[in-house]
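Residue numbers (our numbering), protein chains in the order written: chain A, 106 to 263; chain B, 10 to 185. Ideal placement from N, C-alpha and C gives every residue a C-beta, glycine not left out. The structure presented is a predicted model; accordingly, all values stated were derived computationally and were not measured. Everything on this sheet refers to the single structure shown next.
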């Protein structure tokens, strides 16, 4: 067995870091309530754009048929966008679907088409729902997550 | 980068690069950096484009998505850290991702990512990561199979594994 060489540790300062007046100015801005508020407003101002983008990906996911790679890719985009669109339940359900498909692929197992279909339906409903129905969507997200957990536990036990 | 103490200089000379294939998320991140007061924010939609921008514009900070094609955030980070063509292998990289799968996060960490930021993005969380980079820059570690920020976030007093660093006590190194 060959012996590994010791690791070399390179401390900050012996490599270039953001320092001096730049660091002071940047830290001041990062903690300035006016700047933080301005940045928060920048996010709020994008909510509708993010919602429409999320819905666009929901439409593409619905068109994917049985193509699980496309479904995963679209669900991944949805979980990335939906949170900044105020679609919390949509994000949770899409995340659950990605988690399920990723775990199956790593285990070399096949997806249960009914479970995938349940997720697709729930994502579409939650993304298009009004506020109250979205809160109900959180319960659906939790139920689906429990179902995924059980399926993956069964898979591990088999 | 480095110690610059020019009188009157402010952080608006700092440059950032946003690497994200989703145009909506990319513009959101750009908006946040502009709101912060950064004047020079460059964009790329994948790792290949980003490396070109990195060489041309020499940014001081990178915000990168994980999943992109043809070159994702992990391969891009590895190239930044290890390629001889990389203009700054020490540049801080904040990986912004919707991935929650543990193996993907670990792969990004092992590629040399400096900080992680989970989606959905908030100004507060992004600013905290940037502040962490400025206030507490981490040592870099070079060993067989890894070059990047120290992956040990906390010193474990009861650590019982092998000690493999030059900075570790000599007795520990010799007793391996």
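Under a criterion of Cβ atoms nearer than 9 Å, the residues of chain A adjacent to residue 133 (chain B) are, in order, 141, 144, 145. Residue-level contact check: residue 107 (chain B) touches chain A, since one or more beta carbons of chain A fall below 8 Å from its beta carbon.
Between residue 162 (chain A) and residue 131 (chain B), the alpha-carbon positions lie close to 22 Å from each other. The three-state secondary structure of residue 75 (chain B), taken from DSSP, is coil. Per DSSP, reduced to three states, the secondary structure at residue 146 (chain B) is coil, with no helix or strand assignment. One finds 110 in chain B with Cβ atoms closer than 7 Å to the Cβ of residue 207 (chain A), taken in chain order. The three-state reading of DSSP puts residue 120 (chain A) in coil, since its state is none of H, G, I, E or B.
For residue 158 (chain B), the pairing in a beta bridge is given by DSSP as B:149. Under the 8 Å Cβ criterion, the region 154-169 of chain A counts as touching the region 216-236 of chain A, having at least three qualifying pairs.
In the DSSP secondary-structure assignment, residue 27 (chain B) is bridged to B:52, B:72.
Taking 8 Å as the CB threshold, residue 166 (chain A) stays off the interface with chain B. In terms of beta-carbon proximity, residue 173 (chain A) stays away from the interface with chain B, with every pair separated by 8 Å or more. For residue 35 (chain B), same chain residues with a beta-carbon under 8 Å away, outside a window of 5 residues either side, are 27, 29, 52, 54 in chain order. Partner residues in the beta bridge of residue 124 (chain B), as assigned by DSSP, are B:103.
The region 118-133 of chain B makes no contact with the region 132-139 of chain A, as fewer than three CB pairs between them are under 8 Å.
Your pair residue 122 (chain B) and residue 102 (chain B) checks out as a contact, with CB atoms roughly 5 Å apart and the cut at 8 Å. Taking 4 residues as the shortest admissible run, the region 174-222 of chain A contains the following complete alpha helix (DSSP H) segments, listed from N- to C-terminal end: 193-212. Shown here, residue 130 (chain B) sits in coil according to DSSP, grouped into three states, outside any helix or strand.
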